[in-house]
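Residues in the sequence shown are numbered consecutively from 22, following my numbering. Using N, Cα and C, we set each Cβ at its ideal position, and we do this for glycine too. Some notes on the structure that comes next.
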Amino acid sequence: MLFNSKYELNVLINLAALDHIIEARESRLIHMIGSANQIERTVVDEMIKRPEPVQGFGVMTADEKFEHLFYLIRMMKADGQVITEEIDFCENIAERLGYKKGVVRELSAHIYSDIAVTSDIELLRKKADRFYKY
Numbered sequence: 022m023l024f025n026s027k028y029e030l031n032v033l034i035n036l037a038a039l040d041h042i043i044e045a046r047e048s049r050l051i052h053m054i055g056s057a058n059q060i061e062r063t064v065v066d067e068m069i070k071r072p073e074p075v076q077g078f079g080v081m082t083a084d085e086k087f088e089h090l091f092y093l094i095r096m097m098k099a100d101g102q103v104i105t106e107e108i109d110f111c112e113n114i115a116e117r118l119g120y121k122k123g124v125v126r127e128l129s130a131h132i133y134s135d136i137a138v139t140s141d142i143e144l145l146r147k148k149a150d151r152f153y154k155y
């Protein structure tokens, strides 16, 4: 996943911190994504300690929006517990990305918390596209 900026990683950190505890699995996923985007571990650690408020997303392609949504849902499930606030947060971000309500519930059944388990990305993309507000 290639993020446009650290800002999008910050959104994932905000989601992980909703329950006031960033679990080890959530931290690993955040660091993995940071590393894949050439963000130094010390910078990611600092971002986790002091997350910024979530604001706008700027210009993103449809592919970037889908990828962001995919990793957002994966983060929601990373600690093995999904709370109502996390679902609400993901739905809010999905709407800000241009998706209709319901996309999070539709995709979450097919996205796994274990990063070793792969999802059928093409199937997910088709499902997500049905919720996209063109």
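In this structure, residue 118 lies away from residue 148, with their beta-carbon atoms at least 8 Å apart. Within its own chain, the residues whose Cβ lies closer than 6 Å to the Cβ of residue 99, once the five positions on either side in sequence are excluded, are 46, 47, 50, 134, listed in chain order.
Taking 8 Å as the upper bound for CB-CB distance, residue 94 and residue 32 are not in contact here, some 12 Å apart. Residue 70: member of the alpha helix (DSSP H) spanning 62 to 70, first to last residue. Secondary structure note for residue 45: its alpha helix (DSSP H) is the uninterrupted segment 45 to 57. Taking C-beta separations shorter than 6 Å and ignoring five residues to either side along the sequence, residue 108 has no partners in its chain. Under the three-state reduction of DSSP output, residue 28 falls in the helix class. Residue 133 sits in coil when the DSSP states are folded into three classes, being neither helix nor strand. If you draw a straight line from the Cα of residue 144 to the Cα of residue 155, it is about 19 Å long. It is roughly 6 Å from the alpha-carbon of residue 124 to the alpha-carbon of residue 152.
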